[in-house]
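A short worksheet on the structure shown next.
Chains as they are written, first to last, in my numbering: chain C, 5 to 166; chain X, 5 to 166.
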């Protein structure tokens, strides 16, 4: 139901959210989140265009989140790379059709609306797993890191952590 | 969010539901529901394999619903041709991952579950528009027909109407 592109974008953004504001190059994001390297640059570019990540040039350059992780929804990330389309017109395209949908397409659109609701109410911060002490149960991605060596400038809209 | 194949299958099944049990050849279904002719046979075959439609041979042959329209859900039709997949394992495929999903994939799966709920609770009968008296507002597909010239055998599990 969700495309690989949406999956990769979500992995990348959740990864950045656990990176405590440190800039992360696309190649490193790809490696740490198992995104095929050919995809990572394109996905990060789309996320940048949507204003969700910021690219920082230079030797310590890379991507950071443009907003706090609790201010970015899962839905926004998906819509940045592979937008969820609501059904606005009858797909049959009959000239006699107005803008009101038939029952079938209204119900399909209801289902899409339900997806938007679940994912629009879920922030990227909600997606971060609490750090677990040596447990191997469950999915290990992504685990919030306990520390990082880089600090970034909060005044430039990036997320920092002491 | 829904594939063309799912859309075509739903149009075909809703069309049969408005056909009062009369057998309808694939070519006619394709024409009346604007399914590309190349798709119609494949879609009807998949619907037959899933036990949702029955093929009737002979000069008045064609497809009928295998069950009453109020006993077939929209979800069943979609699942017959392009199944909605729940997320059962972490798509990262790390060996250390168990069957428990991380928060991200659990939330994506919640969204898929919401779609299943909306569409699983919607019967094909619910999708039939009431016949409207000369109104051109809204989507005109599908309109329940007032009468039909063919009758089918109820004892063979098809839907008839006086």
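No residue lacks a Cβ here, since even glycine has one placed at the ideal position from N, Cα and C. Computed from a predicted model, the values in this text were never measured in an experiment.
One or two residues paired with residue 28 of chain X in a DSSP bridge: X/67.
C-alpha gap between residue 109 of chain C and residue 123 of chain X, whole angstroms: 11 Å
Unbroken beta strand (DSSP E) run spanning residue 59 of chain C, endpoints: Taken as a continuous stretch (DSSP letters only), the beta strand (DSSP E) holding residue 59 of chain C covers 57 to 60.
Contact belief for residue 88 of chain C with residue 17 of chain C at Cβ below 8 Å, rounded distance in angstroms: Not really, about 16 Å apart at Cβ, beyond 8 Å.
For residue 124 of chain X, the first and last residue of its enclosing alpha helix (DSSP H): Counting along the chain, the unbroken alpha helix (DSSP H) around residue 124 of chain X starts and ends at 107 to 124.
Bridge partner(s) assigned by DSSP for residue 77 of chain C: Under DSSP, residue 77 of chain C shares a beta bridge with C/127.
For residue 54 of chain X, three-class secondary structure by DSSP: coil
CB-CB length for residue 133 of chain C against residue 107 of chain X, believed under 8 Å: 6 Å
Cβ contact (3+ pairs, closer than 8 Å) linking the region 43 to 50 of chain C and the region 7 to 15 of chain C: yes
Per-residue burial, residue 97 of chain C [other beta carbons within 10 Å of its own, 16 or more giving buried]: By the 10 Å Cβ count, residue 97 of chain C comes out exposed.
Proximity of residue 57 of chain X and residue 20 of chain X at Cβ, strictly below 9 Å: Closer than 9 Å, so yes.
Chain X contact residues for residue 80 of chain C, given Cβ-Cβ distances below 8 Å: Within chain X, no residue comes near residue 80 of chain C; the closest Cβ sits about 14 Å away, beyond 8 Å.
Nearest-angstrom Cα separation, counted from residue 71 of chain C out to residue 22 of chain X: About 51 Å.
Whole-angstrom distance between residue 36 of chain C and residue 85 of chain C, CA atom to CA atom: Looking at the two C-alpha atoms, the distance is approximately 20 Å.
Among X/82, X/63, X/6, nearest to residue 29 of chain X - alpha-carbon criterion: X/63 is the residue among X/82, X/63, X/6 whose C-alpha sits nearest the C-alpha of residue 29 of chain X.
Chain X contacts from the region 114 to 132 of chain C (Cβ-Cβ distance under 8 Å): 114, 115, 116, 118, 119, 121, 122, 123, 126, 130, 131, 132
Interface flag, residue 42 of chain X vs chain C, CB-CB below 9 Å: No, its Cβ sits nowhere closer than 9 Å to a Cβ of chain C.
Distance CB(residue 6 of chain X)-CB(residue 116 of chain X) smaller than 9 Å: no
CB contact check: residue 112 of chain C to chain X, cutoff 9 Å: yes
C-alpha distance - residue 66 of chain X paired with residue 77 of chain C, whole-angstrom precision: 48 Å
Length of the line joining the Cα atoms of residue 34 of chain C and residue 119 of chain C: For residue 34 of chain C and residue 119 of chain C, the gap between their C-alpha atoms comes out near 27 Å.
Residue-chain proximity (residue 88 of chain C, chain X), Cβ-Cβ < 9 Å: yes
CB contact below 9 Å: residue 72 of chain X versus chain C: no
Distance between beta carbons of residue 113 of chain C and residue 93 of chain C, contact taken as under 8 Å: Going by Cβ atoms, the distance from residue 93 of chain C to residue 113 of chain C rounds to 11 Å, so no, they are not a contact pair.
Cβ-Cβ separation, residue 27 of chain C to residue 68 of chain C (assumed contact under 8 Å), whole Å: 5 Å
Whole-angstrom distance between residue 79 of chain C and residue 126 of chain C, CA atom to CA atom: 8 Å
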